[in-house]
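Counting the sequence shown from 1 gives a position; the numbering used here is that position plus 20. Even glycine gets a Cβ: it sits at the ideal position worked out from N, Cα and C. The structure appears right after this line, and notes come after that.
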Amino acid sequence: MNILISLSTVFLSLPLGIAAGLWSGQLRHLVPWKPLSFSFHSIGGIPVVGPGLEILAMIFVPLFIHDFWFYWSHRIEHKVAILWEFHKIHHSDDRMNTSTWARDHFLQESWRAFFSVFTLGLIIDLHLAEAGKAALYSTMFLIGLSMFYHSAIRVRLPWLDRMLVTPQVHRIHHLVDAKHYNRNFADVLPIFDIVFGTYYRPQREEFPVTGLGPDFPAPRSLLSAQFGPLAAVGLMLRRKSNVATR
Ligand SMILES: [Zn+2]
Ligand SMILES: [Zn+2]
């Protein structure tokens with residue numbers, strides 16, 4: 021089911037992602053400032069450590085920008101009932117595993133991507149080839165990390181818990197128990213949770229049960245996963261309720 025949801029999400033969110041890129045390109049001519057020009061090659065020129073630092077910068081500079089927006093869009097999704105209806109699909113997996121990383125609704129993916137595309141387009145001016153390379157490196161790293169921290173393995177990495185999101189750190193975010201609701205929102209760098217006060221460091225043997233519990237069963241078909249939230253939001257708008265349950 022997770023594979024089906026992720027494939028349909030990629031397919032359905034693609035047109036909205038392209039539209040965000042095009043709008044950002046048009047807006048760039050209208051904004052009163054000149055986007056900051058930046059080159060990863062200038063880092064690569066540092067003797068000895070330069071080439072390694074250049075690759076690290078290509079991975080982490082885009083991920084830092086991505087994670088700032090991801091943190092806030094994710095936090096808002098847990099607060100606003102309409103957005104929570106879409107994000108709920110990700111949390112409804114009661115047996116979190118590697119494939120859960122891609123279990124997202126296509127509209128949720130689109131609204132998150134929108135902010136990153138706008139930031140990059142309007143604030144930073146990158147050479148197209150460098151931007152492509154940085155996007156490839158950072159996306160590959162992000163997918164690998166996300167698959168790893170959604171996996172069901174019981175691994176403890178206390179030395180890494182504050183630097184990168186680890187399986188134990190993200191497991192806390194998926195907890196079925198209300199004890200740790202609204203904790204550990206970051207996608208890559210826990211620094212955002214630490215700075216904005218939502219970080220919870222897992223205890224030594226803390227590997228809790230995940231999911232939403234029996235009151236919110238996981239969708240049983242691809243159609244109910246992608247279109248169920250739309251129906252729920254329609255109903256919610258008619259009743260005018262907009263407070264998230266989590
Ligand atoms: Zn969440
Ligand atoms: Zn997750």
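Cβ-based burial, residue i [other Cβ within 10 Å; buried from 16]
i	result
Trp19	No statement about residue 19 is possible, as the shown extent of the chain runs from 21 to 266 and does not include it.
Ile66	exposed
Glu225	exposed
Ala198	exposed
Ser158	buried
Met183	exposed
Val51	exposed
Phe205	buried
Ser130	buried
Range covered by the alpha helix (DSSP H) that runs through residue i
i	result
Ser62	His61 to Gly64
Ala77	Gly70 to Glu97
Gln246	Leu242 to Arg259
Asp213	Ile211 to Val215
Val189	Pro187 to His193
Lys108	Ala101 to His111
Of the residues the options, the one placed nearest residue i, counting alpha carbons only
i	options	result
Phe161	Trp89, Val208 and Leu47	Val208
Pro222	Lys99, Leu180 and Gly248	Leu180
Met78	Pro237, Tyr91 and Ser62	Ser62
His111	Ala252, Gly217, Ile192 and Met256	Ile192
Ala252	Phe60, Ser59, Ile102 and Leu73	Ile102
Ser171	Pro178, Leu156 and His190	His190
Tyr91	Phe216, Pro228, Leu250 and Lys260	Phe216
Phe236	Trp104, Ile214 and Leu257	Trp104
Proximity of residue i and residue j at Cβ, strictly below 9 angstroms
i	j	result
Ser93	Arg123	no
Phe168	Thr230	no
Arg203	Pro187	no
Gly248	Pro239	yes
His49	Met116	no
Phe88	Phe212	yes
Glu150	Phe84	no
Gln246	His125	yes
Pro228	Val185	no
Phe58	Ile144	yes
Whole-number beta carbon distance between residue j and residue i, since they are thought to touch under 8 angstroms
i	j	result
Leu142	Leu47	6 angstroms
Tyr201	Pro210	Not confirmed; about 17 angstroms, so no contact.
Thr120	Asp113	5 angstroms
Leu232	Lys108	7 angstroms
Phe106	Leu127	6 angstroms
Pro71	Ala154	Not quite, the Cβ-Cβ distance comes to about 15 angstroms (not below 8 angstroms), so this is no contact.
Residue i, enclosing beta strand (DSSP E) - first and last residue
i	result
Phe58	Leu56 to Phe58
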